[in-house]
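Trainee: Sequential numbering from 32 applies to the sequence shown in the numbering used here.
Can you read through this structure? Questions will come right after.
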Amino acid sequence: MRLRALLDTDALGLKLLGGEDELDRTVRGVMTTDLRDPSRYLSGGELVLTGLAWRRDAADSEPFVRILVQEGVAALAAGEAELGDVPEDLVAACARHRLPLFAVHESVAFATITEHVVRQVSGERAGDLAAVVDRHRRMMTSGPAGGGPDVVLDLLGSDLDLRAWVLAPTGRLIAGSKAAGPALPAETCGRLAAEHLTATRTGRRAPHRVLLGGSTYSLFPIRSAGRSAQTARDVRETVLSDWLLAVEADAGDWAEERLDLLHGVTQLIAVERDRRDAARTVRRRLAQEVLELVQTGAAPAEIAARLRVAAPVLLPGLGAAPHWQVVVARVDWDGGDVEGGPVAQALLEEILVDPRSAGPEHSDRIAVAHTGEEAIALVPLPAVSTEHDGSEAGVLADALLESVRDALTAGLDDDGHLTLGVSAAVHSAEGLRGALEEARHARRVAAARPGRVCAAGHQELASHVLLLPFVPDDVRRAFTARLLDPLRDYDRRHRAELIPTLEAFLDSDGSWTRCASRLHLHVNTLRYRVGRIEQLTGRDLSRLEDKLDFFLALRMS
32 MRLRALLDTD ALGLKLLGGE DELDRTVRGV MTTDLRDPSR YLSGGELVLT
82 GLAWRRDAAD SEPFVRILVQ EGVAALAAGE AELGDVPEDL VAACARHRLP
132 LFAVHESVAF ATITEHVVRQ VSGERAGDLA AVVDRHRRMM TSGPAGGGPD
182 VVLDLLGSDL DLRAWVLAPT GRLIAGSKAA GPALPAETCG RLAAEHLTAT
232 RTGRRAPHRV LLGGSTYSLF PIRSAGRSAQ TARDVRETVL SDWLLAVEAD
282 AGDWAEERLD LLHGVTQLIA VERDRRDAAR TVRRRLAQEV LELVQTGAAP
332 AEIAARLRVA APVLLPGLGA APHWQVVVAR VDWDGGDVEG GPVAQALLEE
382 ILVDPRSAGP EHSDRIAVAH TGEEAIALVP LPAVSTEHDG SEAGVLADAL
432 LESVRDALTA GLDDDGHLTL GVSAAVHSAE GLRGALEEAR HARRVAAARP
482 GRVCAAGHQE LASHVLLLPF VPDDVRRAFT ARLLDPLRDY DRRHRAELIP
532 TLEAFLDSDG SWTRCASRLH LHVNTLRYRV GRIEQLTGRD LSRLEDKLDF
582 FLALRMS
């Protein structure tokens, strides 16, 4: 349709403020936005509707209009409900860039204009499906009251009888339609996420079809960056942060119109993802400010003041946090040609969410910054209790990765590594610098371990575990061979169980009675075996140094 036709429709209540010479432009779609930079969601030819929430002062109009013109927008329509009259600075900017500008009377809803444009543009093609897309778009672009991705999924269920879910790359459930029934089991979510990441890394074209538990699922990527074929980057930059849409259906035999509809739905859900990331901006900035103070050696009083600012944001209604933990994450790709910091930041924000929580606006109370290749999280602990084993409660390294290891391993494929380090809880600003160094040391311990996804906690830094991962492989092999190979050879020939006896003896702190009881042996038999160990190795198990050598050899073997 032509722009001129919009003015001829009285029900739309549009008033032309500029661009009389451009009214023969063709309108190919409509988009509602209040983003300062909506370029990622524009493809050209749209009538852009805006409530002007992006405008803070007169200087904002010029860059906003310039972005619209660069993306080939047909015209701009500004609502009068927010500011009354359309600001003169916006009128002037549109005139400079020859962008037609309409004023939308406050009595006219953007939904009315959207319905009219979509009906005119799509009237000759896939009318019913276009109506569904339009309904989705109105729901998603009407602001927070629109209901988020759940509304889109509910419409997929009611209009197209499709059961669908939105999942994070870790497998956490973000949203699900009412028609989908009970939430997908966590195991199923994790399997679907892993299958999706594997398919993405191998370059398979979406949608990816998966047979799981007798059901067929089609998996569609939700790319929040709005990448096009012209701006596509290395898939590793976003594979571990993009959401996915899982539909319980086989999309292999779908018509192009239905596939286009589902791809459109993923773009609408990406708007919700963008809103969520925008909401995290404040927390990210707080983390960056605190970490800069910590790393530059600022006075504890200055750091404490910044923490008092951060605490109400991260712990609303609870005041200052009595304890903090630091978690450091790093994503490394073979070759080093892909920036890992932003990926680690997005991953850490997701991993630190309670795996039992659902929804895009989860109750994560963390602030994550990234510096270079490293992401650093400040985790406030409103109360630190003591567990039964005497250790402090809080973020535990192994628990962080327990439910997401399989999915992330698939995304890392054979060229990526994710490592995490977790500090102990500290109760003051003075302790944050030590906590940061502790978390970094723990992450380096994790990096020395085999596997694509590894974590280490502060508890491991006070033991031999801190040192063993950094022993060169050739030294490790030579050391363990010299001490243990004679025992292994003897065990193979005589089935004497000298290695298990040595392990039990050390675990019993050299107590003959405890060790004999543990092995169900007579003490004399135990003494014979220990004597044989000493004879074969030339060591004396009554000496602390020799006990320590055997202990380390067993740990390194």
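C-beta: ideal position from N, C-alpha, C; glycine also.
Could you please give me the residues that DSSP links to Trp364 through a beta bridge?
Mentor: Its beta-bridge partners are Gly447.
Trainee: Hey, could you find the ends of the beta strand (DSSP E) Ala134 is sitting in?
Mentor: Per DSSP, Ala134 belongs to the beta strand (DSSP E) from Leu132 to Val135.
Trainee: By the three-class DSSP mapping on this structure, what secondary structure does Glu418 have?
Mentor: With a pLDDT of only 44 at Glu418, under the threshold of 50, the placement of this residue in the model should not be trusted; the figure read from the coordinates follows. DSSP places Glu418 in coil when its eight states are reduced to three.
Trainee: Can you tell me where the alpha helix (DSSP H) holding His227 begins and where it ends?
Mentor: Segment Ala217 to Arg232, the alpha helix (DSSP H) holding His227.
Trainee: Would you call the region 527-536 and the region 559-577 touching, i.e. three or more CB-CB distances under 8 angstroms?
Mentor: Output reads yes: the region 559-577 touches the region 527-536.
Trainee: Looking only at its chain, what residues have a beta carbon closer than 8 angstroms to the beta carbon of Gly403, apart from the 5 residues adjacent to it on each side?
Mentor: Hits under 8 angstroms: Gly372.
Trainee: Closest to Thr327 by C-alpha separation, out of His401, Leu193, Arg464 and Lys209, would be which residue?
Mentor: When only C-alpha atoms are compared, the closest one is Arg464.
Trainee: Measure how close the beta-carbons of Leu567 and Leu557 come, nearest whole angstrom, since I'm counting them as under 8 angstroms.
Mentor: About 16 angstroms; that fails the 8 angstroms criterion.
Trainee: Using three-state DSSP, classify Val435 as helix, strand or coil.
Mentor: Reduced to three states, the DSSP call for Val435 is coil.
Trainee: Go ahead and label Ile382 buried or exposed: buried means 16 or more other beta carbons lie within 10 angstroms of its beta carbon, across all protein chains shown.
Mentor: Per the 10 Å Cβ criterion, buried.
Trainee: Considering Cα atoms alone, identify which of Gly103, Ile144, Val149 and Ala84 is closest to Val117.
Mentor: Minimum Cα distance to Val117 is reached at Ala84.
Trainee: Can you give the Cα-Cα distance for Arg523 and Pro517, rounded to whole angstroms?
Mentor: Taking the straight line from one Cα to the other gives about 10 angstroms.
Trainee: Check the C-beta distance from Leu379 over to Val358 and give it rounded, since I have them as a contact under 8 angstroms.
Mentor: 7 angstroms between Cβ atoms; contact.
Trainee: Sorted by chain position, which residues of the same chain lie with C-beta nearer than 6 angstroms to Gly44's C-beta, five sequence neighbours on each side aside?
Mentor: Within the same chain, Gly44 has close Cβ partners His136 and Val139.
Trainee: Can you tell me whether Pro69 is buried or exposed, with buried defined as 16 or more other CB within 10 angstroms of its CB?
Mentor: Answer is buried; the Cβ neighbour count reaches 16.
Trainee: Which value, in whole angstroms, describes the spacing of the CA atoms of Ala438 and Leu198?
Mentor: Ala438 and Leu198: Cα-Cα distance of roughly 12 angstroms.
Trainee: Do Val502 and Met587 have their CB atoms nearer than 8 angstroms?
Mentor: In contact: Val502 and Met587 (Cβ atoms closer than 8 angstroms).
Trainee: Based on DSSP bridge pairs, tell me the residues matched to Arg33.
Mentor: Note: Arg33 sits in a beta bridge opposite Thr57.
Trainee: Which of helix, strand or coil does DSSP assign to Arg30?
Mentor: The question about residue 30 has no answer here: the residues shown for the chain are numbered 32 through 588.
Trainee: Buried or exposed, going by whether 16 or more other CB atoms sit within 10 Å of the CB of Asp571?
Mentor: The residue is exposed, with fewer than 16 neighbouring Cβ atoms inside 10 Å.
Trainee: Tell me which same chain residues have a C-beta within less than 7 angstroms of the C-beta of Asp444, skipping the five on either side of it?
Mentor: For Asp444, where only same-chain residues beyond five positions count, the Cβ hits under 7 angstroms are Arg232.
Trainee: Take the Cβ of Ala176 as the centre, count every other Cβ of all protein chains shown within 10 Å, and call the residue buried at 16 or more, exposed below.
Mentor: Because the pLDDT at Ala176 is just 38, under 50, the model does not fix this residue reliably, and the value given afterwards should be weighed accordingly. Under this definition Ala176 is an exposed residue.
Trainee: Less than 8 angstroms between the C-beta atoms of Thr440 and Val374, yes or no?
Mentor: Cβ atoms of Thr440 and Val374: not closer than 8 angstroms.
Trainee: With distances taken Cα to Cα, identify the nearest neighbour of Ala470 among Glu491, Glu218, Ala377 and Thr145.
Mentor: For Ala470, the nearest C-alpha among the options comes from Glu491.
Trainee: Please classify Gly154: is it buried, with 16 or more other beta-carbons within 10 angstroms of its beta-carbon, or exposed?
Mentor: At Gly154, the pLDDT of 46 sits below 50, so the modelled position is not reliable and the matter cannot be decided from this model.
Trainee: Can you have a look at Asp284 and say buried or exposed, based on whether 16 or more other CB atoms are within 10 angstroms of its CB?
Mentor: So Asp284 ends up on the exposed side.
Trainee: What does Lys46 pair with, by DSSP beta-bridge criteria?
Mentor: Ala134.
Trainee: Return the CA-CA distance between Val313 and Pro343, expressed in angstroms with no decimal places.
Mentor: If you take the alpha carbons of Val313 and Pro343, they lie about 12 angstroms apart.
Trainee: Hey, is the region 86-98 in contact with the region 51-58, meaning 3+ C-beta pairs nearer than 8 angstroms?
Mentor: In short, these stretches do not touch, since the Cβ pair count stays below three.
Trainee: Considering Ala106, what are the terminal residues of the beta strand (DSSP E) in which it resides?
Mentor: Note, Ala106: beta strand (DSSP E), Ala106 to Gly110.
Trainee: Could you check whether the region 181-192 touches the region 295-309, counting it as contact only if at least three pairs of C-beta atoms, one from each stretch, sit closer than 8 angstroms?
Mentor: Enough Cβ pairs lie closer than 8 angstroms, so yes.
Trainee: Under a three-way DSSP split, which group does Gly488 fall into?
Mentor: Gly488 falls in the strand class under three-state DSSP.
Trainee: Roughly how far, in whole angstroms, is the beta-carbon of Leu412 from the beta-carbon of Ala341, given that I think they are within contact range, below 8 angstroms?
Mentor: At roughly 13 angstroms, the Cβ-Cβ gap does not stay under 8 angstroms, so Leu412 and Ala341 are not in contact.
Trainee: Less than 8 angstroms between C-beta atoms, sequence neighbours within five positions excluded: which residues of the same chain meet that for Leu467?
Mentor: So the qualifying residues of the chain are Leu322, Val325, Gln326, Val357, Val359, Ile407 and Ser454.
Trainee: Does DSSP classify Trp543 as helix, strand or coil?
Mentor: Trp543: helix per DSSP, three-state reduction.
Trainee: Tell me whether the beta-carbon of Cys220 lies closer than 8 angstroms to the beta-carbon of Arg194.
Mentor: No, the Cβ-Cβ distance between Cys220 and Arg194 is not below 8 angstroms.
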